[in-house]
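Read through the structure below, which is laid out as structure tokens, and then see the notes.
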Amino acid sequence: MLLRYKKYAIFSLPTLVIVPTLFVFSTGLALCSAIAVIGGIIRTFNKDLVQMTIVPGVDIPSILSLPVSIVFAVILLLISFSSWKLLKRYIKFIR
């Protein structure tokens with residue numbers, strides 16, 4: 000019985016930090032990937048509304064803004080999916 004409470008004591012503080020952090024991180028990245036694609040579409044048709052630069056002073060051509068934003072969105076989605084899988088694995092581990 001005491002061993003059971005020891006397990007809860009060991010996992011409670013890290014769980015209070017890890018679970019909300021991974022949840023917010025993964026959902027935030029998924030939302031940002033959608034915003035990146037929308038920004039690429041807007042930039043393709045209206046050059047002045049959204050600014051896309053590689054480094055300060057070097058703009059991405061407006062014709063390439065949609066492909067660049069899609070690549071960036073895919074990278075964000077992969078990181079989001081990986082953090083979501085890590086969250087599920089952590090929850091399974093502490094049970």
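Start counting the sequence shown at 0; every next residue gets the next number (numbering that gives the first Met the number 0). Just so you know, even glycine gets a beta-carbon here, dropped at the ideal spot from N, CA and C. Just so it is clear, the structure is predicted and the values come from calculations on it, not from any experiment.
Item: Isoleucine 53 (DSSP reduced to helix, strand or coil); Value: strand
Item: Same chain only: Cβ atoms within 6 Å of methionine 51, ignoring 5 sequence neighbours per side; Value: Arg42, Ile59, Ser64
Item: Exposure label - serine 68; buried when at least 16 CB within 10 Å; Value: buried
Item: Local Cβ density within 10 Å of leucine 95, reported as buried at 16 or more and exposed below that; Value: Within the shown structure, residues of the chain are numbered from 0 to 94, placing residue 95 beyond reach of any answer.
Item: Expected contact under 8 Å - CB spacing of leucine 86 and serine 25 to nearest Å; Value: 7 Å
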